[in-house]
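Working notes, structure below.
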Amino acid sequence: MTVTELVSYEDALAAYDPVMGLEVHVELGTKTKMFCGCSTALGAEPNTQTCPTCLGLPGSLPVVNATGVESAIKIGLALNCEIAEWCRFARKNYFYPDMPKNFQTSQYDEPIAFNGYLDVDVDGEVFRVEIERAHMEEDTGKSTHVGGATGRIHGAQHSLLDYNRAGIPLIEIVTKPIVGAGAKAPEVAKAYVTELRELIKSLGVSDARMEMGQMRCDVNLSLRPQGADKFGTRSETKNVNSLRSVERAVRFEIQRHAAVLGDGGTIIQETRHFHEEDGSTTSGRVKEEAEDYRYFPEPDLVPVAPARTWVEELRGGLPELPRVRRNRLREEWGLSRHEMQSVLNAGAIELITATIDEGAPADQARKWWMGELARRANEDGVELTALPITPAQVARVCALVKEGSLNDKLARQTIEGVLAGEGGPDEVVAARGLKVVSDEGALGTAVDEAIAANAAIADKIRGGKVAAAGALVGAVMKATRGQADAARVRELILEKLGVEG
Ligand code: ADP
Ligand code: MG
Ligand code: ZN
Numbered sequence: 414m415t416v417t418e419l420v421s422y423e424d425a426l427a428a429y430d431p432v433m434g435l436e437v438h439v440e441l442g443t444k445t446k447m448f449c450g451c452s453t454a455l456g457a458e459p460n461t462q463t464c465p466t467c468l469g470l471p472g473s474l475p476v477v478n479a480t481g482v483e484s485a486i487k488i489g490l491a492l493n494c495e496i497a498e499w500c501r502f503a504r505k506n507y508f509y510p511d512m513p514k515n516f517q518t519s520q521y522d523e524p525i526a527f528n529g530y531l532d533v534d535v536d537g538e539v540f541r542v543e544i545e546r547a548h549m550e551e552d553t554g555k556s557t558h559v560g561g562a563t564g565r566i567h568g569a570q571h572s573l574l575d576y577n578r579a580g581i582p583l584i585e586i587v588t589k590p591i592v593g594a595g596a597k598a599p600e601v602a603k604a605y606v607t608e609l610r611e612l613i614k615s616l617g618v619s620d621a622r623m624e625m626g627q628m629r630c631d632v633n634l635s636l637r638p639q640g641a642d643k644f645g646t647r648s649e650t651k652n653v654n655s656l657r658s659v660e661r662a663v664r665f666e667i668q669r670h671a672a673v674l675g676d677g678g679t680i681i682q683e684t685r686h687f688h689e690e691d692g693s694t695t696s697g698r699v700k701e702e703a704e705d706y707r708y709f710p711e712p713d714l715v716p717v718a719p720a721r722t723w724v725e726e727l728r729g730g731l732p733e734l735p736r737v738r739r740n741r742l743r744e745e746w747g748l749s750r751h752e753m754q755s756v757l758n759a760g761a762i763e764l765i766t767a768t769i770d771e772g773a774p775a776d777q778a779r780k781w782w783m784g785e786l787a788r789r790a791n792e793d794g795v796e797l798t799a800l801p802i803t804p805a806q807v808a809r810v811c812a813l814v815k816e817g818s819l820n821d822k823l824a825r826q827t828i829e830g831v832l833a834g835e836g837g838p839d840e841v842v843a844a845r846g847l848k849v850v851s852d853e854g855a856l857g858t859a860v861d862e863a864i865a866a867n868a869a870i871a872d873k874i875r876g877g878k879v880a881a882a883g884a885l886v887g888a889v890m891k892a893t894r895g896q897a898d899a900a901r902v903r904e905l906i907l908e909k910l911g912v913e914g
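Following the numbering used here, the numbering of the sequence shown begins with 414 at its first residue and continues without gaps.
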């Protein structure tokens, strides 16, 4: 099916109600693998971080990584799940070269965490996504297919296998069917994955970097006629690896399903591939029946039975969760939802928080990061965090403004200097000579000169036209190369001309 045959998004939503299911895999940031002591560090030479266990050699025995279990429980708790009193690992049997044991150690009907939810904000409203389960498993190795056109196995001349990734702990988080999102389904999906990523990062259990494959999402979607109860047949778009792609995949599948159904066709249950280039999906593997993985409890591992005291200890140690923290900061900073959204979109929350922690007032910290600095980052095409200026330096500029050493214009020049690598704020101020002229004697002289040079304007002001003072303030600012405090200059002018401000 080509893109031109899709039904328009509006027409699709007029006729059908979308139902989604999101399966997210998160690679945990443990030092060692889930069932052996091999390193999980990225970037090593292929097949240098392996051992008999993660290579599936006969006679090797797995041992559970306690930090992996702890991370899984933390994720479960943060997702408001129940934590199993007792659960087991299971073997999911299938053959694929990137999985040398011929089974993946996973969990099946006894997940460590189940029945939770995650609240997400969509357009100022709260949408609750229900969580079916979060379970522990292990990653597979990595295949590289060489010689084909697309990097897929089809058409390749040979394949290379790297087992460094085999056995890295994964947590799979599966939602219950998400209903009621309507036309906002693509946004809800994106908001959910975004919130989940923030949550995982805040727990410190993974960096959850989607571009590095540390977090990957499968998008299930079906449509049912508006008003129907029964779910339609779903498609499952695999490995959607960016937030934007999640949104696009949902949107595309809604339009594609509507086209097929509208033509009297049927959706077949299949996996699909997502294409970044045009946001389309194409058919993968047909999955009419649940695949027979011949699951059975893993006989080489003891059951996991986390003591309640441990679970409660972990619950007590959870950090303030991102959504709660965001709402608190929004209140403290006195921002509207819209303003807070801009801060989030700019990736400025941590920078502003750190600047405030360094002593800057909230409104000033936000002003610099969201104004001047956001503009610079945008111009240079980099993230705010990549700018060569620290929160402490921004806070120092705020302090110099507050004590009256810098006015707004000079502060901007100071920041410019810091960004240009001229040193910290104090060094830039000293080197560029950016101090406000606060010496009253010097200012008074400058004001006298301005009055003398603009006698006609001065007369107008004396006659009561106070608004004309702006021209004299401008003249003094020019004479002092912008290094005077404009408000003080204005005061002096009115004082000398004997009028009330
Ligand atoms: P599988 O192993 O086949 O991927 P899972 O149960 O792991 O099955 O995941 C299926 C996902 O799709 C879950 O998030 C589930 O809530 C969701 N889902 C199930 N049925 C439907 C449906 N008809 N339409 C949309 N999503 C569905
Ligand atoms: Mg699945
Ligand atoms: Zn190993």
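Quick reminder that beta carbons are idealized off the backbone N, C-alpha and C, glycines included. It should be emphasised that the depicted structure is a prediction, and the values quoted were computed from it without experimental measurement.
Check	Outcome
Taking its Cβ as the centre, do 16 or more other Cβ atoms sit within 10 Å of Pro471, making it buried, or is it exposed?	exposed
Would you identify the three-state DSSP class for Met783, choosing helix, strand or coil?	helix
Just how far apart, CA to CA, sit Arg546 and Thr766?	34 Å
Measuring alpha carbon to alpha carbon, tell me which of Glu458, Ala479 and Thr453 ends up nearest Cys467.	Thr453
Is the stretch 714-724 touching the stretch 679-697, taking contact as three or more C-beta pairs under 8 Å?	no
In whole angstroms, what is the alpha-carbon distance linking Gln570 and Ser556?	13 Å
Give the secondary structure of Tyr422 by DSSP, where H, G and I count as helix, E and B as strand, and everything else as coil.	helix
Name the DSSP bridge partner or partners of Ile586?	Val437 and Ala547
Which residue marks the beginning of the beta strand (DSSP E) containing Asp839, and which one marks its end?	No beta strand (DSSP E) holds Asp839; the alpha helix (DSSP H) holding it covers Pro838 to Arg845.
Looking at the ligand ZN, does it come within less than 7 Å of Lys446, judged from the CB to the closest heavy atom?	yes
Buried or exposed: where does Tyr576 fall if 16 or more other Cβ atoms within 10 Å of its Cβ makes it buried?	buried
Quick one: what's got a C-beta closer than 8 Å to Glu908's C-beta in the same chain, skipping five residues either side?	none
Can you name the start and end residues of the beta strand (DSSP E) that Gly529 belongs to?	Ala526 to Val535
For the ligand ADP, which residues count as neighbours when the test is a C-beta closer than 7 Å to any heavy atom?	Val432, Met433, Gly434, Leu435, Glu436, Glu545, Val587, Thr588, Lys589, Pro590, Asp631, Asn633, Leu634, Ser635, Phe644, Gly645, Thr646, Arg647, Glu649, Lys700 and Ala703
Between Ala485 and the rest of its own chain, which residues show a CB-CB distance below 7 Å, the 5 nearest in sequence each way excluded?	Ile525, Ala526, Ala547, Met549 and Ile584
Starting from the C-beta of Asp424, find all residues in its chain whose C-beta is less than 6 Å away, skip the five residues before and the five after it, and write them out in chain order.	none
Run through the DSSP bridge pairs and tell me what Phe540 is partnered with.	Val533
Under 8 Å, do Phe665 and Gly692 count as touching if we go by C-beta distance?	yes
Comparing alpha-carbon positions, which option in Lys873, Gly730 and Val601 lies nearest Glu483?	Gly730
Can you list the beta strand (DSSP E) stretches of 3 or more residues lying completely in the stretch 470-524, in chain order?	503-506 and 516-519
Cα separation between Leu905 and Ile864?	11 Å
Using a Cβ-Cβ cut-off of 8 Å (strictly less than) and excluding sequence neighbours within five positions of Thr646, which residues of its own chain qualify?	Ser635, Thr679, Ile680, Ile681 and Gln682
With distances taken from CA atoms, which of Gly469, Gly450 and Ser473 is nearest Gln922?	Here the chain covers residues 414 to 914 and nothing more, so residue 922 does not appear.
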